[in-house]
Amino acid sequence: MRTYTIEAFGAFFFVLVFGFTGDPLAIGLTLMALVYIGSPISGGHYNPAVSFAFFLKRKLSFSDLLGYVAAQLAGGFLAAFLLYFLSGSVFYVEPPSDTGLYQQAFSELFFTAIFTLVMLMLSIASLHRKNNLNGLIIGLTFTGMLMISTPISGGILNPATSIGTALFDLIQGGDSYHHILLYTIAPLCGGALAAFSFSFFNPKWEA
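The numbering of the sequence shown is full-length UniProt numbering, which starts it at 1 and goes up by one.
Structure, rendered in structure tokens:
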């Protein structure tokens, strides 16, 4: 239960900062702090795409994957509620109007894959496993991926952000759920690509 609680806690604060600031550096620094908090307990995923990659690498059971994802989505939903309570407006995510669906999907897939591959490298590969800078590296990597992907796809890279906020928006009568498939399928495929890439490049480093 502790692992699911910390995943919900981390996703909650991650989405909260995302909604309040939208600033890649603020989001990345928050993720850094959350990774240091949650890494010894749950691995500090806070992202269904990351958890899916760890499941594919057999570091999570299927039941744990479901628990992680449920906790992450609950955290995202609660963050959307608090954003509404504090600001009086509904926070939701949507892609830019000046890019196409294929560009947006590629951006979400590719940059989620890079970020998730870094997570796998730092968490699984024995060479990096005890590096005290892991949280900083993860946070700065996510910052960089957001800076690049935001003009293309909106830079979500985390289904907990899109699904949690879209569900709350739906309750309030909104229709941002139209973007759920983009912000769910593409990042999950990115997680799968990261898991495959890790096995391809580092077959001898897996525990």
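Beta carbons are placed, not taken as given, at the ideal position from N, Cα and C, and that holds for glycine.
Boundaries (first-last residue) of the alpha helix (DSSP H) holding residue i
i           : result
residue 1   : Note, residue 1: premise wrong, no alpha helix (DSSP H); not H, not E.
residue 123 : 101-124
residue 63  : 62-87
residue 199 : 180-201
residue 134 : 134-153
residue 162 : 159-171
Between the CA atoms of residue j and residue i - distance to the nearest angstrom
i           : j           : result
residue 148 : residue 112 : 11 Å
residue 202 : residue 138 : 19 Å
residue 153 : residue 122 : 26 Å
residue 193 : residue 20  : 31 Å
residue 104 : residue 22  : 18 Å
residue 184 : residue 108 : 9 Å
residue 179 : residue 86  : 24 Å
residue 5   : residue 34  : 13 Å
residue 188 : residue 29  : 23 Å
residue 2   : residue 8   : 10 Å
residue 155 : residue 174 : 21 Å
residue 59  : residue 93  : 30 Å
residue 73  : residue 63  : 16 Å
Residue i and residue j closer than 8 Å at C-beta
i           : j           : result
residue 164 : residue 26  : no
residue 65  : residue 77  : no
residue 142 : residue 31  : yes
residue 220 : residue 140 : The structure shown has nothing for residue 220, since the chain only spans 1 to 207.
residue 177 : residue 195 : no
residue 24  : residue 150 : yes
residue 10  : residue 75  : yes
residue 43  : residue 55  : no
CB-CB length for residue i against residue j, believed under 8 Å
i           : j           : result
residue 90  : residue 12  : Not quite, the Cβ-Cβ distance comes to about 17 Å (not below 8 Å), so this is no contact.
residue 46  : residue 160 : 7 Å
residue 190 : residue 116 : 6 Å
residue 158 : residue 49  : 7 Å
residue 83  : residue 182 : Incorrect: roughly 21 Å between the Cβ atoms, too far for contact.
residue 114 : residue 57  : The pair is not a contact, with the Cβ atoms about 16 Å apart (cut-off 8 Å).
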